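Participant: Top line first, the protein sequences correspond to chains R and S.
When the letters of the first sequence are read in order and numbered with this note's numbering, they come out as residues 50 to 165.
When the letters of the second sequence are read in order and numbered with this note's numbering, they come out as residues 7 to 117.
Idealized CB from N, CA, C, for every residue including glycine.
Just so it is clear, the structure is predicted and the values come from calculations on it, not from any experiment.
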Amino acid sequence: EAGVTQFPSHSVIEKGQTVTLRCDPISGHDNLYWYRRVMGKEIKFLLHFVKESKQDESGMPNNRFLAERTGGTYSTLKVQPAELEDSGVYFCASSRIRVTNTGELFFGEGSRLTVL
Amino acid sequence: GESVGLHLPTLSVQEGDNSIINCAYSNSASDYFIWYKQESGKGPQFIIDIRSNMDKRQGQRVTVLLNKTVKHLSLQIAATQPGDSAVYFCADFQAGTALIFGKGTTLSVSS
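1) List the whole-angstrom C-beta distance separating Gly110(S) from Phe95(S), where the pair is believed to meet the contact cut-off of C-beta under 8 Å.
2) Would you call the region 23 to 35 of chain S in contact with the region 47 to 56 of chain S, where contact means no fewer than 3 C-beta pairs closer than 8 Å?
3) Considering Cα atoms alone, identify which of Asn59(S), Asp55(S) and Glu45(S) is closest to Gly65(S).
4) Report the start-end ranges of each beta strand (DSSP E) in the region 87 to 113 of chain R that is 3 residues or longer and not cut off at the edges.
5) Have a look at Thr122(R) and Gln20(S) and give me their C-alpha separation to the nearest angstrom.
6) Grab me the residues of Glu8(S)'s own chain with a C-beta within less than 7 Å of its C-beta, minus the 5 sequence neighbours each way, in chain order.
7) Based on the DSSP secondary-structure assignment, which residues constitute the bridge partners of Lys118(S)?
8) Out of Pro110(R), Gly137(R) and Gly65(R), point me to the one whose CA is closest to Gly89(R)'s CA.
9) Relative to the C-alpha of Phe56(R), which residue among Gln66(R), Leu70(R) and Tyr139(R) is closest?
10) Is there at least one Cβ from chain R nearer than 8 Å to Ile106(S)'s Cβ?
11) Going along chain C, which residues have a C-beta under 8 Å from Gln51(S)?
12) For a test of the three-state rule: what should DSSP assign to Ile56(S), helix, strand or coil?
13) Grab the span of the beta strand (DSSP E) containing Thr54(R) for me, first residue to last.
14) Going by beta-carbon coordinates alone, are Ile75(R) and Phe155(R) separated by less than 8 Å?
15) Got a sec? Which residues, its chain only, sit under 7 Å from Gln66(R) by beta carbon, not counting five neighbours each side?
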């Protein structure tokens with residue numbers, strides 16, 4: 050069974066440009082989460098999808114970030130326009146059941162974003 | 007505010023030693039705690055969890071202890087191996103909120 054896959058693994062862009070990160074969750078996992086780790090800091094929650102619906106987007110830093118999950122399968126996270134402080138590693142995770150029952154989220158390897 | 011933190015950003019041990027990684031949390035309403043391991047270039051991987059109605063839980067070579075009185079949990083790794091070198095995160099959860107991660111402790115195991 051394929052794990053959570055993320056693309057690209059690393060993206061280097063200039064401030065003001067747009068980047069779109071993609072996450073393919075494990076097949077059959079309705080719950081999809083986006084997290085971000087800025088250098089040396091904690092992993093911060095961004096948002097949670099249940100199928101195609103945004104269940105919780107309280108962690109989205111501002112309106113430059115847009116997440117979608119059309120059709121309830123893969124998800125994209127777009128940053129437009131990117132700022133220097135957006136640099137970090139963006140993790141996607143999925144689970145079959147909600148994290149209220151188990152913390153066993155399956156994480157992807159992350160997309161490293163560098164904004165110059 | 008709600009936060010989950012680790013006492014030390016780095017921990018260096020010798021192969022074969024036991025490792026103890028500590029974590030403090032501030033939200034007394036948190037009722038579920040998880041430890042994750044993140045190896046270089048990979049995503050966090052679930053290690054072990056514990057619910058607030060427990061004080062201790064054991065897995066393979068790992069033990070998590072929870073002290074609700076002082077809002078502290080720890081991860082103990084027995085007979086630490088070079089393959090245990092990674093960043094370890096504690097995370098807490100309470101109903102209705104997202105999983106909150108701490109800053110991470112980098113464990114370095116030397117042979």
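Facilitator: According to the structure shown:
1) Indeed they touch by this definition, with Cβ atoms about 5 Å apart.
2) In short, these stretches do not touch, since the Cβ pair count stays below three.
3) Comparing Cα positions, the closest option is Asp55(S).
4) Residue ranges of uninterrupted beta strand (DSSP E) with 3 or more members, entirely inside the region 87 to 113 of chain R and ordered along the chain, are 92 to 99 and 102 to 105.
5) When rounded, the distance between both Cα atoms is 44 Å.
6) Only weak support exists for where Glu8(S) lies, its pLDDT of 43 falling under 50; the coordinates are left without a value.
7) Summary: the structure shown does not reach residue 118(S), with chain S confined to residues 7 through 117, and so no result is reported for it.
8) Considering only alpha carbons, the answer is Gly137(R).
9) Just measuring C-alpha positions, the residue of Gln66(R), Leu70(R) and Tyr139(R) sitting nearest Phe56(R) is Leu70(R).
10) Using beta-carbon distances, Ile106(S) counts as an interface residue toward chain R, with a partner under 8 Å.
11) Among the protein chains of the structure shown, namely R and S, there is no chain C.
12) Here Ile56(S) sits in strand by DSSP.
13) From DSSP, the beta strand (DSSP E) with Thr54(R) extends over Thr54 to Phe56.
14) When the beta-carbon positions are compared, Ile75(R) and Phe155(R) come within less than 8 Å of each other.
15) If you ignore the 5 residues before and after Gln66(R), its C-beta comes within less than 7 Å of the C-beta of Pro130 and Ala131, all in its own chain and listed in chain order.
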